[in-house]
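Protein sequences, first through last, are from chains A and B. This note's numbering numbers the first residue of the first sequence as 119 and each following residue consecutively. This note's numbering numbers the first residue of the second sequence as 119 and each following residue consecutively. The C-beta atom is built at its ideal place from N, Cα and C for all residues, glycine as well. For reference, the structure discussed in these notes is given below.
There are 2 protein chains.
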Amino acid sequence: MSSFLQTERTTLKRLPARGVYDRALVYQILDEGFICHVGFAVEGRPYVIPTGYARANDKLYIHGSQASRMLRTLKSGIDVCVTVTLLDGLVLARSAFNHSMNYRSVVVFGEAVVVDEAEKLAALLAFSEHVIAGRWADVRQPTEQELKATTVLALPLEEVSAKVRSGPPIDDEDDYELSVWAGVIPLSLVAQSPVPDPRLKPAIATPRYAVDYKRLR
Amino acid sequence: MSSFLQTERTTLKRLPARGVYDRALVYQILDEGFICHVGFAVEGRPYVIPTGYARANDKLYIHGSQASRMLRTLKSGIDVCVTVTLLDGLVLARSAFNHSMNYRSVVVFGEAVVVDEAEKLAALLAFSEHVIAGRWADVRQPTEQELKATTVLALPLEEVSAKVRSGPPIDDEDDYELSVWAGVIPLSLVAQSPVPDPRLKPAIATPRYAVDYKRLR
Numbered sequence: 119m120s121s122f123l124q125t126e127r128t129t130l131k132r133l134p135a136r137g138v139y140d141r142a143l144v145y146q147i148l149d150e151g152f153i154c155h156v157g158f159a160v161e162g163r164p165y166v167i168p169t170g171y172a173r174a175n176d177k178l179y180i181h182g183s184q185a186s187r188m189l190r191t192l193k194s195g196i197d198v199c200v201t202v203t204l205l206d207g208l209v210l211a212r213s214a215f216n217h218s219m220n221y222r223s224v225v226v227f228g229e230a231v232v233v234d235e236a237e238k239l240a241a242l243l244a245f246s247e248h249v250i251a252g253r254w255a256d257v258r259q260p261t262e263q264e265l266k267a268t269t270v271l272a273l274p275l276e277e278v279s280a281k282v283r284s285g286p287p288i289d290d291e292d293d294y295e296l297s298v299w300a301g302v303i304p305l306s307l308v309a310q311s312p313v314p315d316p317r318l319k320p321a322i323a324t325p326r327y328a329v330d331y332k333r334l335r
Numbered sequence: 119m120s121s122f123l124q125t126e127r128t129t130l131k132r133l134p135a136r137g138v139y140d141r142a143l144v145y146q147i148l149d150e151g152f153i154c155h156v157g158f159a160v161e162g163r164p165y166v167i168p169t170g171y172a173r174a175n176d177k178l179y180i181h182g183s184q185a186s187r188m189l190r191t192l193k194s195g196i197d198v199c200v201t202v203t204l205l206d207g208l209v210l211a212r213s214a215f216n217h218s219m220n221y222r223s224v225v226v227f228g229e230a231v232v233v234d235e236a237e238k239l240a241a242l243l244a245f246s247e248h249v250i251a252g253r254w255a256d257v258r259q260p261t262e263q264e265l266k267a268t269t270v271l272a273l274p275l276e277e278v279s280a281k282v283r284s285g286p287p288i289d290d291e292d293d294y295e296l297s298v299w300a301g302v303i304p305l306s307l308v309a310q311s312p313v314p315d316p317r318l319k320p321a322i323a324t325p326r327y328a329v330d331y332k333r334l335r
């Protein structure tokens, strides 16, 4: 796998050491997240909308109702910025000033395009597998009507950067002598026991992918 | 507590039942999150940047280095959109089409302003308490130099809306007869055991707020 070409927009001006352009790492972050934040401007005014997404090959897909204002705005071919952020921990330093967070984030710039019918079905399968592998095979497949009511947009993964902070706090050299605890509190998104639908028919067992849900990392 | 006035930008066009304008609920969501996504446009092109934040009273604060491109851009008084999203669960329906996620999100529109020195210190205390209550009293306080190097911006919580989905899947009536498991896999951000800084002096015990870290919900 290659690296992303750095552009003016994707080059970190501050803390350039945190900038990552490696395609494999970018894809790993995208494949772990559930929610992206989609940014666009209408008449110069910014909007940031959270939504699900999936990656397949070198495209990021978002989808929603045909009636969605956001999708209708984006498919007109305007600039979009999509950001995915994973929070990995709280970084407790010896000074207030050096406190931080460990995180991995990806920022994608580009223009989204509406996908055709064949790619739409593949993208919806990718969404499903992205959220919970194995689920697609168990459920009622989309009808023609449902497919028609769904818009899927693809954003090419071309102008992309990641930013990563990991590891212990970095304190001022003098502060290491202070009697203050310092370290990292790791955070992760954890699944609890599945809650059956109140209308679930009694004979249906909880599938393994739901009982034992874990996000790969 | 009151409700936010709905404006053109904060009124949900689709699924209006998911729109929430109650100030208490908005504040609860903001107080639970760690990361906001800050959206702004430069020459019509959108940027979405993840960063920490805190709320105090009816303001949302973001901060960073004086040298930060984002903060320097925002403090020129341009429109900003700040979004906070909490993911609560995966909603598994009987059809692919009706799958969803449970979430709570808040969108704030406005213009950010630089705070003065007195408010800056109060805001930094609010950041610290927002992330981990009790920490501020234990650590080395900011020096004049550090305060000078830090920019804090305040965004008034005036033009604000929240969006919430919770509860079981909503299936098409016919689909309830299918032999497909349906329900919710709850997700939450969970803290693991704290990892001491490799340079921590051996006699320093881990403080209770780090051992037992829990995010109020």
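Check, Outcome
"Under 8 Å, CB to CB, which of the residues in the stretch 208 to 221 of chain A have a partner in chain B?", "L208, L210, A211, R212, S213, A214, F215, H217, M219 and Y221"
"In whole angstroms, give me the CA-to-CA distance for A/L265 and A/L189.", "15 Å"
"I believe A/E229 touches A/G252 by the beta-carbon criterion, under 8 Å. Please report the beta-carbon distance rounded to the nearest angstrom.", "Not a contact, Cβ separation roughly 33 Å."
"Whole beta strand (DSSP E) runs in the stretch 139 to 213 of chain B with 3 or more residues, listed along the chain?", "153 to 160, 163 to 170, 172 to 174, 177 to 183 and 197 to 210"
"Applying a beta-carbon distance threshold of less than 8 Å, which residues of chain A neighbour B/D134?", "The question names Asp, but residue 134 of chain B is Pro in the sequence shown. The premise fails here: B/P134 is roughly 12 Å from chain A at the closest Cβ pair, so nothing lies under 8 Å."
"Is the stretch 312 to 319 of chain A close to the stretch 212 to 219 of chain A, with three or more CB pairs under 8 Å?", "no"
"Between the Cα of B/V298 and those of A/L208, A/G285, A/R317 and A/D290, spot the shortest distance and give me the residue it belongs to.", "A/R317"
"With 16 as the cutoff for other CB atoms within 10 Å, does A/S284 come out buried or exposed?", "exposed"
"When the Cα of A/A236 is compared with those of A/G207, A/T269 and A/P134, which residue comes out closest?", "A/T269"
"Can you tell me whether B/L133 is buried or exposed, with buried defined as 16 or more other CB within 10 angstroms of its CB?", "exposed"
"What are the start and end residues of the alpha helix (DSSP H) that includes B/K238?", "E235 to V249"
"Using CA coordinates, which residue listed in B/I303, B/V225 and B/Q263 is at the minimum distance from B/A280?", "B/V225"
"Could you tell me whether the Cβ atoms of A/V308 and B/V308 are closer together than 7 Å?", "yes"
"Examine chain B for any beta-carbon lying closer than 7 Å to the beta-carbon of A/L275, and answer yes or no.", "no"
"Need the endpoints of the alpha helix (DSSP H) that B/R317 sits in, please.", "No alpha helix (DSSP H) contains B/R317, which DSSP labels as neither H nor E."
"Count the CB pairs spanning the stretch 207 to 214 of chain A and the stretch 165 to 180 of chain B that are closer than 8 Å, and state whether there are at least three.", "no"
"According to DSSP, is B/L271 helix, strand or coil?", "strand"
"For A/P168, does the count of other Cβ atoms within 10 angstroms reach 16, so buried, or fall short, so exposed?", "buried"
"Compute the Euclidean distance between the alpha carbons of B/V138 and B/Y145, then round it to the nearest angstrom.", "12 Å"
"From the DSSP secondary-structure annotation, give me the bridge partner or partners of B/G228.", "B/V198"
"I need the straight-line Cα distance from A/F152 to A/V249, nearest angstrom please.", "7 Å"
"Label B/G301 either buried or exposed according to how many other C-beta atoms from any shown protein chain fall within 10 Å of its C-beta, with 16 as the threshold for buried.", "buried"
"Just curious, the beta strand (DSSP E) that B/A300 is in, first and last residue?", "Note, B/A300: premise wrong, no beta strand (DSSP E); not H, not E."
"By the 10 Å Cβ neighbour count, where 16 or more other Cβ atoms means buried, how is A/R326 classified, buried or exposed?", "exposed"
"What residues in the stretch 164 to 180 of chain A have a beta carbon less than 8 Å from any beta carbon of chain B?", "P164, Y165, V166, I167, P168 and G170"
"Grab the span of the alpha helix (DSSP H) containing B/R258 for me, first residue to last.", "Premise fails: B/R258 is in no alpha helix (DSSP H) and is neither H nor E."
"Run through DSSP, which three-state label would B/Y294 get?", "helix"
"Taking C-beta pairs closer than 7 Å, name the residues in chain A that B/I303 reaches, listed in chain order.", "A309, P312, A328 and Y331"
"Residues of chain B with a CB under 8 Å from the CB of A/I153: which are they?", "T203, L205, M219 and Y221"
"Go to A/R326, then tell me how far its alpha helix (DSSP H) extends in each direction, as first and last residue.", "R326 to V329"
"Run the CB neighbour count on B/T201, radius 10 Å, all protein chains shown included, and call it buried at 16 or more, exposed below.", "buried"
"Have a look at A/A159 and A/A142 and give me their C-alpha separation to the nearest angstrom.", "30 Å"
"For A/G157, go through chain B and note every residue whose CB falls closer than 8 Å to its CB, in chain order.", "H155, G157, P164, Y165, V166 and C199"
"Using a Cβ cut-off of 7 Å, pull out every chain B residue sitting near A/P260, in sequence order please.", "A214 and F215"
"For chain B, find out if any of its Cβ atoms is closer than 7 Å to the Cβ of A/V144; answer yes or no.", "no"
"Could you round the C-beta distance between A/L208 and A/L296 to whole angstroms and report it? I think they count as a contact, below 8 Å.", "Their Cβ separation, rounded to whole angstroms, is 19 Å, which puts A/L208 and A/L296 out of contact at 8 Å."
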